[in-house]
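Engineer:
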Amino acid sequence: MPPPPLSGTASNKRKRSASRTSDDSTPDLSLSIRTEHYRTNVLQLNGVFIASSLAVSRAPQCVRDTVHTVLGKPRTPLAAKTLETWVQDIVRVEDDRKEAITTALAHILPPAAFDAHLQRKDKQSFTHPKNMLPRVTDIPDPLAANVPRIAGPVPDVAYGLSNAAFEREQRLAMTIPPISDVCEPIAGLFWPFFVVEFKAQAEMGTIYAAINQCAGSGSACIKAQEVLRGLHDAVDQPSLSLSCALDGRSAELLCHHLSDDRTRYHVAIVGRYLLADASHLKRLHFHVHNIVTWGLSSHRDWVHRRLDAQWERAMSRGSAG
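The sequence shown lines up with residues 1 to 321 when you count with full-length UniProt numbering.
(1) Here's the rule: buried if 16 or more other CB atoms are within 10 angstroms of the residue's CB, otherwise exposed. What is L274?
(2) Give the C-beta separation of G271 and L71 to the nearest angstrom, bearing in mind that I take them to be a contact with Cβ-Cβ under 8 angstroms.
(3) The beta strand (DSSP E) with E252 in it runs from where to where?
(4) What does the alpha-carbon distance come out to for the pair Y208 and R34?
(5) Quick one: Cα of P238 to Cα of R64, how far?
(6) Name the residue from Y38, S32 and Q44 whose alpha carbon lies nearest to the alpha carbon of H266.
(7) Just reading off the alpha helix (DSSP H) that G72 is part of, what are its end residues?
(8) Determine contact between the segment 276-283 and the segment 301-311, defined as no fewer than three beta-carbon pairs at a distance below 8 angstroms.
(9) Quick check: is any heavy atom of the ligand MN less than 7 angstroms from the C-beta of H289?
(10) Three or more C-beta pairs under 8 angstroms: does that hold for the segment 101-109 against the segment 81-90?
(11) So L240 packs on T66, CB below 8 angstroms; how close in whole Å?
(12) Determine the closest residue to R229 out of L258, L253 and Q124, with distance taken between C-alpha atoms.
(13) Do A158 and I186 have their CB atoms nearer than 8 angstroms?
(14) On a CA-only basis, which of E184, P192 and Q170 is nearest residue 322? Give me that one, please.
(15) Taking three-plus beta-carbon pairs below 8 angstroms as touching, is the segment 113-128 in contact with the segment 138-145?
(16) Report the rounded CA-to-CA distance for Q124 versus F194, giving the unit in angstroms.
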């Protein structure tokens, strides 16, 4: 069992300090990202809730429709020999360190060169996380200051849009606050939509901890979308991001979305995979590539529409002034 939560002013300072680190270990073990305390006393207090089972069925209909489309779109099948080789590589390192596991699983993830409009960044922290991470808002500021913050995201892999995905006017729109505060959390990576976290059991890493990390990163992607959406009335697509937590033996695919009243960030498990099973590995590869394809189509097109509208509004205000 994890140790009980700390209390008192000094402990609160230590809590806030601990939650700011993005590593697995923190000075305060009660708030280590590995523990249930991090999930209940950091994520939930800041409005992020992880479902304990396959719970996307309780998501808004528009979210369910998008997830169904992303996970159901057919792709060219992988060769059986390729899958067999991948499984052998993964089984060989399943008890190894994180670096070896990450290398063995690299085939599953689309490379940076997958598309000119795609940007992939590995092991880079989100800048200005306070602008992007969910934060408790339903209590007075003096009390909110005591609530520890969600750890700043440093995803092992992050996917978003590249600078080439935008026209000049859209890039100009992204220089206007508050869009400028959230559009590019990693240099050169705009509007992230998919993050990946690896763990190694040999290093005491767990899927549980990886999901906790994904919860913060995925919710940050949602909050950025909400900042862009908040400038307009149109709700033509749900705020949605996806993430994947992996260790040497298994993977879990997660969907991040908002509650109907847009006050809570939910994390729902939409897929579980055993990496030593060729059929599971095939399905995971299929789903991950579909997610990236979705990010380069529906997600990108939605961002374009919102930026175009923002630029038109900015130009109208400039002309009127």
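Yeah, the Cβ is synthetic: ideal placement off N, Cα and C, and Gly gets one too.
Structural biologist: The relevant details are as follows:
(1) The sequence position of residue 274 within the sequence shown is 274, counting from 1. L274 should be labelled exposed.
(2) For the purposes of this step, residue 271 is taken as the residue at position 271 of the sequence shown. For the purposes of this step, residue 71 is taken as the residue at position 71 of the sequence shown. Sure, about 7 angstroms apart at Cβ, within 8 angstroms.
(3) As a first step, residue 252 is located in the sequence shown; it is residue number 252 there, counting from the start. Boundaries of the beta strand (DSSP E) around E252: S250 to L258.
(4) Within the sequence shown, residue 208 is the residue found at index 208, counting from 1. Within the sequence shown, residue 34 is the residue found at index 34, counting from 1. The alpha-carbon atoms of Y208 and R34 are separated by roughly 7 angstroms.
(5) Residue 238 sits at position 238 when you count from the first residue of the sequence shown. Residue 64 sits at position 64 when you count from the first residue of the sequence shown. So the two alpha carbons sit approximately 10 angstroms from each other.
(6) Taking the sequence shown and counting its residues from 1, one reaches residue 266 at position 266. Nearest of Y38, S32 and Q44 to H266, Cα basis: Q44.
(7) Numbered from its first residue, the sequence shown carries residue 72 at position 72. According to the DSSP assignment, G72 belongs to the alpha helix (DSSP H) that extends over Q61 to G72.
(8) Taking 8 angstroms as the limit for Cβ pairs, the verdict is that the segment 301-311 does not touch the segment 276-283.
(9) In terms of ligand content, the structure shown is empty, and the ligand MN therefore cannot be addressed.
(10) Touching, yes, given that three or more Cβ pairs across the two stretches are closer than 8 angstroms.
(11) Mapped onto the sequence shown, residue 240 falls at position 240. Mapped onto the sequence shown, residue 66 falls at position 66. Between L240 and T66 a beta carbon distance of about 6 angstroms is seen, short of the 8 angstroms cut, so the two are scored as contacting.
(12) Start at 1 with the first residue of the sequence shown, and residue 229 comes out as number 229. The residue among L258, L253 and Q124 with its C-alpha nearest the C-alpha of R229 is L258.
(13) In the sequence shown, counting from the first residue as 1, residue 158 sits at position 158. In the sequence shown, counting from the first residue as 1, residue 186 sits at position 186. Result yes, Cβ atoms of A158 and I186 sit closer than 8 angstroms.
(14) Since the first and last residues shown for the chain are 1 and 321, residue 322 lies out of range.
(15) A contact is defined here as three or more CB-CB pairs under 8 angstroms, and the segment 113-128 fails this definition with respect to the segment 138-145.
(16) For the purposes of this step, residue 124 is identified with residue 124 of the sequence shown, where counting begins at 1. For the purposes of this step, residue 194 is identified with residue 194 of the sequence shown, where counting begins at 1. Cα to Cα, the separation comes out at about 14 angstroms.
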